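One structure is given here, and the rest of the page talks about it.
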Amino acid sequence: SYILAIETSCDETSVAVIKNGKEILSNIVASQIETHKRFGGVVPEVASRKHVETITVTIEEAVEESGIALTDLSAIAVTMGPGLVGALLVGVVAAKSLALALDLPLIGTHHIAGHIYANQLVHEMEYPCLALVVSGGHTELVLMEREGVFQVIGRTRDDAVGEAYDKVARALQFPYPGGPHVDRLAQEAEGAVELPRAWLEPGSYDFSFSGLKSAVLNVINQTKMRNENLDFSKVARGFQESVIDVLTEKSIRAAKEYGVKQLVLCGGVAANRGLREALTARCDKEGLPLLIPPFSLCSDNAAMIGAAAYLKWKRGEITTQEIKGEPTLSLEAWSVQS
Ligand code: ATP
Ligand code: MG
Ligand code: FE
Numbered sequence: 010s011y012i013l014a015i016e017t018s019c020d021e022t023s024v025a026v027i028k029n030g031k032e033i034l035s036n037i038v039a040s041q042i043e044t045h046k047r048f049g050g051v052v053p054e055v056a057s058r059k060h061v062e063t064i065t066v067t068i069e070e071a072v073e074e075s076g077i078a079l080t081d082l083s084a085i086a087v088t089m090g091p092g093l094v095g096a097l098l099v100g101v102v103a104a105k106s107l108a109l110a111l112d113l114p115l116i117g118t119h120h121i122a123g124h125i126y127a128n129q130l131v132h133e134m135e136y137p138c139l140a141l142v143v144s145g146g147h148t149e150l151v152l153m154e155r156e157g158v159f160q161v162i163g164r165t166r167d168d169a170v171g172e173a174y175d176k177v178a179r180a181l182q183f184p185y186p187g188g189p190h191v192d193r194l195a196q197e198a199e200g201a202v203e204l205p206r207a208w209l210e211p212g213s214y215d216f217s218f219s220g221l222k223s224a225v226l227n228v229i230n231q232t233k234m235r236n237e238n239l240d241f242s243k244v245a246r247g248f249q250e251s252v253i254d255v256l257t258e259k260s261i262r263a264a265k266e267y268g269v270k271q272l273v274l275c276g277g278v279a280a281n282r283g284l285r286e287a288l289t290a291r292c293d294k295e296g297l298p299l300l301i302p303p304f305s306l307c308s309d310n311a312a313m314i315g316a317a318a319y320l321k322w323k324r325g326e327i328t329t330q331e332i333k334g335e336p337t338l339s340l341e342a343w344s345v346q347s
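When you number the sequence shown by UniProt numbering, it's gap-free, plus one each residue, and the end is 347.
Next up, the structure:
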């Protein structure tokens, strides 16, 4: 099968062609980061307009690079949520038009299922498995008893990890998106500022990062008021250590409780070097297999959407032309039916 997948949920316009749910024939990602940088974050209206400008050439490029003809395609997949409503709309409309024109089935796909199944493009996922989803808008522990069936056992109660990274980065005067800058600075640090860890109630798999973010802002403001020098790298390291400790500890505890065969890391923050190293070391020690996507498949891309859509395509679970962008689409509700 050949699935053409479209992703426009946030600030990347991306189109991919995926063979048999596994092989990436093309995966074009047109990032809008340079456009949004001067605003310090993603501006929804600007994002929609950029998607409109870029979507057609991105589709053409992805088809061209894949080396297959439009008439060879088996299905069109598109991210229908969650994400920015106006941004989602652009991808959904493009996908519907293509599906209609080519008389192909349409598969409305969940963005976070995409992040998780990015792993299936390079690894063999085994069940039950547990996914740690860390991205710009989500921080979740997702249990999958079998392929394509999602159960969220923990989630953030306030900021997502990526969001916290971006806010801390901003306070440390880095441009948007600041996650990679904080990561780099943390690696360079000699020593760390001591910061709190939000464990929440015993046994809870939920997360909270807004208190940590406030603690960072306090440290910055207090040293400023006292006219003292602050080593930003030690702040970055302290922040990163707190985040990694909590993410690692809760993931391992949940993996043990549910007796999973694998831990699967995914989402934009899965590119974080500190997190990749810490989880790898801890999983080695516990004898728990850990899957991590290559850097190129951590941030938003359409290949991962094609991989998730394949789960539904092979079960014949296709969507009607009626789909629309759903900013708050539920992951659990998107689970496969059979
Ligand atoms: P969602 O997937 O929840 O809808 P999103 O698609 O906007 O949100 P992603 O593209 O998956 O998010 O991830 C982007 C986030 O990842 C940004 O917040 C960015 O700062 C963060 N990020 C990227 N690289 C790193 C890194 N090395 N360390 C920490 N954070 C990082
Ligand atoms: Mg993005
Ligand atoms: Fe994402």
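Note that beta-carbon positions come from the ideal geometry of N, C-alpha and C, so glycine has one too. The structure displayed is predicted, hence computed values, not measured ones.
| Can the beta-carbon of residue 276 be found closer than 8 Å to that of residue 102? | Cβ atoms of residue 276 and residue 102: not closer than 8 Å.
| request: Answer yes or no: the CB of residue 339 versus the heavy atoms of ligand 1, is any distance below 7 Å? | output: no
| query | Does DSSP put residue 267 in a helix, a strand or coil? | reply | coil
| query | Got a sec? Which residues, its chain only, sit under 8 Å from residue 179 by beta carbon, not counting five neighbours each side? | reply | Cβ neighbours of residue 179 beyond the five flanking positions: 49, 185, 187.
| Cβ of residue 145 within 7 Å of any heavy atom in ligand 2? | yes
| request: Taking 8 Å as the cut-off, decide whether the C-beta atoms of residue 152 and residue 141 are in contact. | output: no
| task | Measure the C-alpha to C-alpha separation of residue 336 and residue 256 and round it to an integer number of angstroms. | result | 26 Å
| said: Quick check on the burial criterion: 16 or more other C-beta atoms within 10 angstroms. Buried or exposed for residue 333? | reply: Around the CB of residue 333, fewer than 16 other CB atoms lie within 10 Å, so the residue is classed as exposed.
| task | Could you check if residue 16 is buried or exposed, using at least 16 other CB atoms within 10 Å of its CB as the buried criterion? | result | The residue is buried, with at least 16 neighbouring Cβ atoms inside 10 Å.
| Bridge-paired residues (DSSP) for residue 164 | 149
| task | Helix, strand or coil for residue 230, going by three-state DSSP, please let me know. | result | helix
| said: Can you give me the C-alpha to C-alpha distance between residue 32 and residue 130, rounded to a whole angstrom? | reply: 7 Å
| field | residue 23 classed as buried or exposed, judged by whether at least 16 other C-beta atoms fall within 10 angstroms | value | So residue 23 ends up on the buried side.
| request: Quick one: residues in its chain with C-beta nearer than 7 Å to the C-beta of residue 269, no 5 flanking neighbours on either side, listed in chain order? | output: 137, 138, 139
| request: Given a cut-off of 8 Å, decide if residue 57 and residue 96 are closer than it, judged by their beta-carbon atoms. | output: yes
| query | Heavy atom of ligand 3 less than 7 Å from the Cβ of residue 215, yes or no? | reply | In this structure, residue 215 has its CB at a distance of at least 7 Å from all heavy atoms of ligand 3.
| field | Contact set for residue 157: own chain, Cβ-Cβ below 7 Å, skip 5 residues either direction | value | 320, 344, 345
| query | residue 240 to residue 250, Cα distance in whole Å? | reply | Their Cα atoms are separated by approximately 16 Å.
| field | Secondary structure of residue 340, DSSP reduced to three states | value | coil
| request: Confirm, please, whether the CB-CB distance from residue 82 to residue 113 is below 8 Å. | output: yes
| task | Specify the secondary structure class of residue 78 as computed by DSSP and reduced to three states. | result | coil
| Is the distance from the Cβ of residue 290 to the Cβ of residue 307 below 8 Å? | no
| field | Residues of its chain near residue 128, where Cβ-Cβ distance is below 7 Å and the 5 sequence neighbours each way are ignored | value | 134, 273, 275, 300, 302
| residue 70 to residue 202, Cα distance in whole Å? | 47 Å
| request: Evaluate residue 234 with the Cβ neighbour count: other Cβ atoms within 10 Å of its Cβ, from every protein chain shown; 16 or more gives buried, anything less gives exposed. | output: exposed
| message | Among the candidates 37, 109, 25, 72, whose CA atom is the shortest distance from the CA of residue 329? | response | The candidate whose alpha carbon is nearest that of residue 329 is 109.
| task | Kindly examine ligand 1 and report whether one of its heavy atoms sits closer than 7 Å to the Cβ of residue 36. | result | In this structure, the C-beta of residue 36 stays at least 7 Å away from each heavy atom of ligand 1.
| field | Straight-line Cα distance separating residue 149 from residue 216 | value | 8 Å
| field | As assigned by DSSP and simplified to three states, the class of residue 36 | value | strand
| Would DSSP call residue 180 helix, strand or coil? | helix
| task | Sort out for me which residues DSSP pairs residue 90 with in a bridge. | result | In the DSSP output, where bridge partners are listed per residue, residue 90 has 119.
| field | Cβ-based burial, residue 230 [other Cβ within 10 Å; buried from 16] | value | exposed
| query | Is residue 118 near residue 88, with beta carbons less than 8 Å apart? | reply | yes
| message | Is residue 138 a contact residue of ligand 1, with contact defined as CB to any heavy atom under 7 Å? | response | no
| Is residue 216 helix, strand or coil when you go by DSSP? | The three-state reading of DSSP puts residue 216 in strand, counting E and B together.
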